[in-house]
Amino acid sequence: MPVRVGVISSAHVHAPSFVACCQASPQAEVVGLWDDDFERGRKFASERGIAFFEDIDALCGQVEAVVVCSENMKHADQIEVAARHGLHILCEKPVAPRPEHAARIESAVGKDKVFMTAFPCPFSPAFQSVNQKVKDGVIGRVLAVSATNQGTCPFGWFVETDKSGGGAMVDHTVHVTDLLRRLLGEEPATVQAMTGNNVYGKDWEDTAMVSVGFPSGVFATIDSSWSKPASYKTWGNVKLTVVGEKGVIETDLFTQGYDVYSGKHYQAGVGSNLDQMMVDEFLDAVMAGREPSITLHDGLQASRVAMAAYRSVSNGGAVVTL
Numbered sequence: 017m018p019v020r021v022g023v024i025s026s027a028h029v030h031a032p033s034f035v036a037c038c039q040a041s042p043q044a045e046v047v048g049l050w051d052d053d054f055e056r057g058r059k060f061a062s063e064r065g066i067a068f069f070e071d072i073d074a075l076c077g078q079v080e081a082v083v084v085c086s087e088n089m090k091h092a093d094q095i096e097v098a099a100r101h102g103l104h105i106l107c108e109k110p111v112a113p114r115p116e117h118a119a120r121i122e123s124a125v126g127k128d129k130v131f132m133t134a135f136p137c138p139f140s141p142a143f144q145s146v147n148q149k150v151k152d153g154v155i156g157r158v159l160a161v162s163a164t165n166q167g168t169c170p171f172g173w174f175v176e177t178d179k180s181g182g183g184a185m186v187d188h189t190v191h192v193t194d195l196l197r198r199l200l201g202e203e204p205a206t207v208q209a210m211t212g213n214n215v216y217g218k219d220w221e222d223t224a225m226v227s228v229g230f231p232s233g234v235f236a237t238i239d240s241s242w243s244k245p246a247s248y249k250t251w252g253n254v255k256l257t258v259v260g261e262k263g264v265i266e267t268d269l270f271t272q273g274y275d276v277y278s279g280k281h282y283q284a285g286v287g288s289n290l291d292q293m294m295v296d297e298f299l300d301a302v303m304a305g306r307e308p309s310i311t312l313h314d315g316l317q318a319s320r321v322a323m324a325a326y327r328s329v330s331n332g333g334a335v336v337t338l
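Counting in the numbering used here, the sequence shown runs from 17 upward without gaps.
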C-alpha cells in the first residue's frame, strides 16, 4: 500500500515540485493540503487535484506522513503538531532558524519515526562522484573548499525576516554546509561571517560570505548570496572547488541542462531530478522503517552553522566556536 501523504503549507517555492514528486511516485498517495493561508492553499490544492483542509489536525489524522513546506519560522509549530499525530516528516530547509526552535523539534520528533531534511544536493551524481574521489584520495588530503550557493532573490516571505528568520544567509548556507559535512566527514568547529545588502539595499542581507573551520584544519568558504539577476538562466548554482595536496576538483551540481534561445533565453534541464530522488528516499525509508540518508540531525547541524553565522555578523565578524 502506498504511503498516505499530507502537505503542510504551499508557502515555499519548492512545494510544487515536492508535491509533483509525491504524485509521480507509486509509493505515495497525496491525500491533501493544509495551509494557514486559505486562499493560497485552496488554489494550490485545486490546481493539483487534491483536497484542501482548513484544520491541520484534520489532515494529520488522515495521513501517515507529511511534507512541511511552510515559512521557516513556522516549522517548529507544525512539526510539533505532526509529531503529536505520530507522523513521518519530510521538512523543507532550514529546519530550525532559531536555537529554541531546534530544541523544540528535537524534543517533539519521535525516535521511531522517519524525519528527513529536504536536502536534494547529496543525491546529485556530480556531488557523489566528487565525494567518492575525495574519499579515494585522488587529490590527497583536503586543504580547503570554496563553495557557492548563489541564486536569484525569491522575494515574498523570504525577505520578511519574521517569517524567514533571515535573508540569503539562512536560505542558502545550509545546503553547502550539509555537503561539506558529507565531503569532509567531520563537524564544523568555527564559523565567521559577513553580510551586506549591496544588491537590493533593503534591511535584509542579499549577500553573505561564511567561513567554516573544521577540527582537521580544513577551512571552507560559502558564498550564499542572492546575487544572480532575475534574467539569469537558472535559479542559481551550487558549486564546489575542493583543493587537495595533489590536485583540485571543481564541480557545479546544476549543470545538467542545455541553453535554448528562442525569443527569450532559458535553460532546459536534463538528467537527474534531485527532488524526485530525495522524495523517493523519504518514501522508501518510511515503507522500510529505516533511517533516511538525510536526517533531522543533518538538518539541525546545517541550521546551527547558519545561526552561528548570524551571531558572528552581530559581533562584527567575530569567530564563533560551535
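By construction, the Cβ of each residue, glycine as well, lies at the ideal position given by its N, Cα and C atoms.
Excluding its 5 nearest sequence neighbours in each direction, alanine 44 has C-beta neighbours in its own chain below 7 Å: Pro18, Val19, Val21, Cys38, Leu299, listed in chain order. Check the Cα spacing between valine 111 and each of Ala92, Gln148, Val125, Ser123: the tightest is with Ala92. In this structure, Ala236 is the residue among Leu269, Ala236, Ala118 with its C-alpha nearest to the C-alpha of valine 258.
Per DSSP, histidine 104 is one residue of the beta strand (DSSP E) stretching across 104-107. For valine 190, the uninterrupted alpha helix (DSSP H) segment begins and ends at 184-200. By the neighbour-count criterion, in which a residue is buried when 16 or more other Cβ atoms sit within 10 angstroms of its Cβ, threonine 271 is exposed.
A direct Cα-to-Cα measurement between glutamine 292 and alanine 301 gives close to 14 Å. Residue environment for lysine 109: buried (at least 16 other C-beta atoms within 10 angstroms of its C-beta). For glutamate 266, the uninterrupted beta strand (DSSP E) segment begins and ends at 264-268. Per DSSP, alanine 112 lies in no alpha helix (DSSP H) and is assigned neither H nor E. Rounded to whole angstroms, the separation of the alpha carbons of glutamate 55 and alanine 205 is 44 Å. Per DSSP, the continuous alpha helix (DSSP H) segment holding alanine 325 begins and ends at 312-330. As the crow flies, the alpha-carbon of histidine 101 is around 27 Å from that of glutamate 63. By the criterion of a C-beta distance shorter than 7 Å, proline 308 is surrounded in its chain by Val130, Met132, Glu297, Phe298, Ala301, once the five residues flanking it on both sides are discounted. Nearest in C-alpha terms to glycine 201, of all of Val234, Met185, Asp187, is Val234.
Spatial neighbours of glycine 181 in its own chain (CB-CB distance under 8 Å, excluding positions within 5 residues in sequence) are listed in chain order as Asn88, Met89, Pro110, Pro113, Arg114. Close CB contacts of glycine 315 within its chain, under the 6 Å cut and outside five residues either way in sequence, are with Val111, Thr133 (chain order). A contact is defined here as three or more CB-CB pairs under 8 Å, and the segment 206-219 fails this definition with respect to the segment 145-153.
Residues of the same chain with a CB within less than 6 Å of the CB of asparagine 165, apart from the 5 flanking positions on each side, are His188, His191, Val192, Ser240, Val254 in chain order.
Listed as beta-bridge partners of methionine 303 by DSSP are no residues whatsoever. A check of alpha carbon separations from aspartate 128 across Thr267, Asn147, Ala99, Trp251 identifies Ala99 as the nearest. Distance between lysine 262 and glycine 156, taken at the CA atoms: about 5 Å. With respect to cysteine 85, leucine 103 sits apart: the two C-beta atoms are not nearer than 8 Å. In the DSSP assignment, aspartate 239 falls within the beta strand (DSSP E) that extends over 235-239. Per DSSP, reduced to three states, the secondary structure at glycine 57 is helical.
Within its own chain, the residues whose Cβ lies closer than 8 Å to the Cβ of histidine 30, once the five positions on either side in sequence are excluded, are Cys85, Glu108, Ala134, Asp291, listed in chain order. Between alanine 40 and histidine 28, the alpha-carbon positions lie close to 19 Å from each other. Taking a 10 Å sphere around the C-beta of serine 232, we find fewer than 16 other C-beta atoms and assign the residue as exposed. Annotation: the continuous alpha helix (DSSP H) that includes threonine 177 extends over 177-180.
By the beta-carbon neighbour count (other beta carbons within 10 angstroms, threshold 16), valine 23 is buried.
Within the segment 20-101, the runs of beta strand (DSSP E) that reach at least 3 residues and sit entirely inside it are, in chain order, 44-50, 67-69, 81-84.
When DSSP states are grouped into helix, strand and coil, valine 226 belongs to the strand group.
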